[in-house]
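Novice: Its first residue numbered 134, the sequence shown is counted upward by one per residue in my numbering. Got a structure here, written out as structure tokens. Questions coming.
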Amino acid sequence: MQLWIKSHLILVLAVAIGMIFAEVTAETVLITGSNQGIGFEFAKQYAANGWTVIATHRRLTTPDSLISLAATYPKVRIERMDVTDAEQIEALGAKLKGMPIDILLNNAGLVRTDPLDKPGGNTNQLFGTLDYQLLDDFIHTNVAGPLKITETFIENVKASRQKKIVAISSAAGSVSVPPFMPNGSPIPDHYWYRISKAALNSAMRLISAQFKDDGITVVMFHPGGVRVESFGNLEMPGLESPEEAIGKMIRTIDGLNLQDTGRFMDSDGKDHPW
Ligand SMILES: NC(=O)c1ccc[n+]([C@@H]2O[C@H](COP(=O)([O-])OP(=O)(O)OC[C@H]3O[C@@H](n4cnc5c(N)ncnc54)[C@H](OP(=O)(O)O)[C@@H]3O)[C@@H](O)[C@H]2O)c1
Numbered sequence: 134m135q136l137w138i139k140s141h142l143i144l145v146l147a148v149a150i151g152m153i154f155a156e157v158t159a160e161t162v163l164i165t166g167s168n169q170g171i172g173f174e175f176a177k178q179y180a181a182n183g184w185t186v187i188a189t190h191r192r193l194t195t196p197d198s199l200i201s202l203a204a205t206y207p208k209v210r211i212e213r214m215d216v217t218d219a220e221q222i223e224a225l226g227a228k229l230k231g232m233p234i235d236i237l238l239n240n241a242g243l244v245r246t247d248p249l250d251k252p253g254g255n256t257n258q259l260f261g262t263l264d265y266q267l268l269d270d271f272i273h274t275n276v277a278g279p280l281k282i283t284e285t286f287i288e289n290v291k292a293s294r295q296k297k298i299v300a301i302s303s304a305a306g307s308v309s310v311p312p313f314m315p316n317g318s319p320i321p322d323h324y325w326y327r328i329s330k331a332a333l334n335s336a337m338r339l340i341s342a343q344f345k346d347d348g349i350t351v352v353m354f355h356p357g358g359v360r361v362e363s364f365g366n367l368e369m370p371g372l373e374s375p376e377e378a379i380g381k382m383i384r385t386i387d388g389l390n391l392q393d394t395g396r397f398m399d400s401d402g403k404d405h406p407w
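Here it is in structure tokens:
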């Protein structure tokens with residue numbers, strides 16, 4: 134065979150192998166609440182790692198943060214999904230039917246109604262002035278939302294290579310240790326948030342047991358104290374930058390396997406107290 138035919142054949146073969154490899158390693162992550170804070174940093178880092186990122190948000194107009202991310206990384210696909218809106222969840226489920234999703238990342242969360250540093254803020258989550266209407270919003274966003282999303286996208290996860298479901302929970306959901314107050318006050322705060330994160334952990338434990346035989350790994354993270362915009366000017370010891378905290382979680386998620394399913398962990402993968 135002439136030399137140029139041989140070299141063309143080798144080139145064609147190399148391209149074909151490259152295409153197969155790209156197909157196998159073309160991982161996809163779906164992230165809720167990805168327009169700011171922890172969710173945005175996950176979207177940014179997974180996109181920079183070459184992943185297909187389904188970046189969801191609840192805004193009426195597409196957030197600028199996601200527009201510029203998608204402009205930098207063409208594999209970022211922006212979709213609207215309010216995690217409390219069953220119709221929107223089902224509509225996106227129908228749109229993405231058949232698409233493997235390696236990591237379903239339940240990040241969106243309702244934490245508080247006022248910035249952490251607002252004097253006199255968030256009394257609606259303090260004993261004595263609890264706003265009971267608000268409990269519904271917390272349960273809807275932090276518990277029912279991730280459950281409905283998992284029900285809707287479970288076949289996408291089953292069809293993927295990595296088969297992982299991640300919930301961003303919080304140390305606030307721990308019930309086995311005395312509550313830690315970010316402002317140093319001895320009075321427990323954020324009742325609804327804490328209660329909803331404990332319930333989220335319970336929901337994810339159920340899902341982990343239900344889908345272990347399908348090879349799906351389900352974990353919950355306490356991401357640590359992560360300095361996000363919505364913290365306002367609050368400073369407290371141990372706060373990490375989003376780059377650092379999310380970088381750690383991504384490395385931990387990379388190393389997860391089925392034996393980890395049902396675990397509640399810190400960003401570095403160590404067990405967090407329930
Ligand atoms: N930062 C920390 O130190 C820390 C510590 C422990 C746990 N967490 C957990 O980490 C997760 C992310 O929090 P964050 O600190 O990044 O807070 P954040 O900056 O306030 O971001 C929260 C995200 O959730 C979205 N969201 C809220 N309700 C939603 C809904 N109904 N549908 C869709 N998206 C919704 C928000 O959208 P909008 O922009 O439209 O409001 C926003 O994108 C939460 O689950 C939180 O509990 C954070």
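Using N, Cα and C, we set each Cβ at its ideal position, and we do this for glycine too.
#1: Taking the beta strand (DSSP E) that E411 falls in, what are its first and last residues?
#2: May I ask you to report which of helix, strand or coil DSSP gives M297?
#3: How about P321: is its Cβ closer than 8 Å to a heavy atom in ligand 1?
#4: For a test of your reading of the model: does the CB of G170 fall under 8 Å from any non-hydrogen atom of ligand 1? Yes or no.
#5: In terms of residue numbering, what span does the alpha helix (DSSP H) encompassing F286 cover?
#6: Tell me the rounded alpha-carbon separation between D322 and H273.
#7: Just list the residues that DSSP pairs E373 with in beta bridges.
#8: Is the closest heavy atom of ligand 1 to the C-beta of V209 under 8 Å?
#9: Can you tell me the Cβ-Cβ gap for F181 and S167, rounded? I've got them flagged as a contact below 8 Å.
#10: Am I right that V162 and D235 are in contact with their C-beta atoms under 8 Å? What's the rounded C-beta distance?
#11: Is there contact between the region 396 to 403 and the region 275 to 285, where contact requires at least three CB pairs shorter than 8 Å?
#12: Hey, how far is the Cα of G253 from the Cα of Q392?
#13: Threshold first: 3 residues or longer. Then list the beta strand (DSSP E) segments lying entirely within the region 173 to 243, N to C.
#14: Using only the alpha-carbon positions, how far apart do V157 and G183 sit?
#15: Please decide whether V244 counts as near chain D, where near means a Cβ-Cβ distance under 9 Å.
#16: If we call anything under 9 Å between Cβ atoms a contact, is L333 one with G365?
#17: Within a Cβ cutoff of 6 Å, which residues of the same chain sit near L225, ignoring the five residues on either side of it in sequence?
Specialist: With the given structure in hand:
#1: The chain is shown only over 134 to 407; residue 411 falls outside these bounds and no answer can be derived.
#2: Numbered from 1 along the sequence shown, position 164 holds the residue referred to as residue 297. What sits at residue 297 in the sequence shown is Lys, not Met. In this structure, K297 counts as strand in the three-state DSSP scheme.
#3: In the sequence shown, counting from the first residue as 1, residue 321 sits at position 188. For ligand 1, not one heavy atom lies less than 8 Å from the Cβ of P321.
#4: If you number the sequence shown from 1, residue 170 lands on position 37. Flag set: Cβ of G170 near ligand 1.
#5: Residue mapping note: residue 286 aligns to position 153 of the sequence shown, counting from 1. Note, F286: alpha helix (DSSP H), G278 to K291.
#6: Taking the sequence shown and counting its residues from 1, one reaches residue 322 at position 189. Taking the sequence shown and counting its residues from 1, one reaches residue 273 at position 140. Taken atom to atom, the span from the alpha-carbon of D322 to that of H273 is near 20 Å.
#7: Here residue 373 refers to the residue found at position 240 of the sequence shown. Residue pairing by DSSP places E373 opposite V359 in a beta bridge.
#8: By one-based count along the sequence shown, residue 209 stands at place 76. Checking the Cβ of V209 against ligand 1 gives no.
#9: As a first step, residue 181 is located in the sequence shown; it is residue number 48 there, counting from the start. As a first step, residue 167 is located in the sequence shown; it is residue number 34 there, counting from the start. This sequence places Ala at residue 181; Phe is not what is there. 14 Å between Cβ atoms; not a contact.
#10: Translated into positions along the sequence shown, residue 162 becomes position 29. Translated into positions along the sequence shown, residue 235 becomes position 102. For V162 against D235, the beta-carbon gap comes to about 6 Å, under 8 Å, which counts as contact.
#11: Proximity of the region 396 to 403 to the region 275 to 285 falls short of the contact definition, fewer than three beta-carbon pairs being nearer than 8 Å.
#12: Residue 253 sits at position 120 when you count from the first residue of the sequence shown. Residue 392 sits at position 259 when you count from the first residue of the sequence shown. Straight through space, the alpha carbons of Q392 and G253 are spaced by roughly 45 Å.
#13: With a minimum length of 3 residues, the continuous beta strand (DSSP E) runs that stay inside the region 173 to 243 are 185 to 190, 209 to 213 and 236 to 239.
#14: Residue mapping note: residue 157 aligns to position 24 of the sequence shown, counting from 1. Residue mapping note: residue 183 aligns to position 50 of the sequence shown, counting from 1. Bear in mind that a pLDDT of 44 at V157, under 50, signals an unreliable position, so the number given afterwards is only what the model happens to contain. Here the alpha carbon of V157 sits roughly 13 Å from the alpha carbon of G183.
#15: The chain inventory of the structure shown lacks chain D, comprising one protein chain alone.
#16: Here residue 333 is taken as the residue at index 200 of the sequence shown, counted from 1. Here residue 365 is taken as the residue at index 232 of the sequence shown, counted from 1. Contact: no.
#17: In the sequence shown, residue 225 corresponds to position 92, counting from 1. For L225, where only same-chain residues beyond five positions count, the Cβ hits under 6 Å are E212 and M214.
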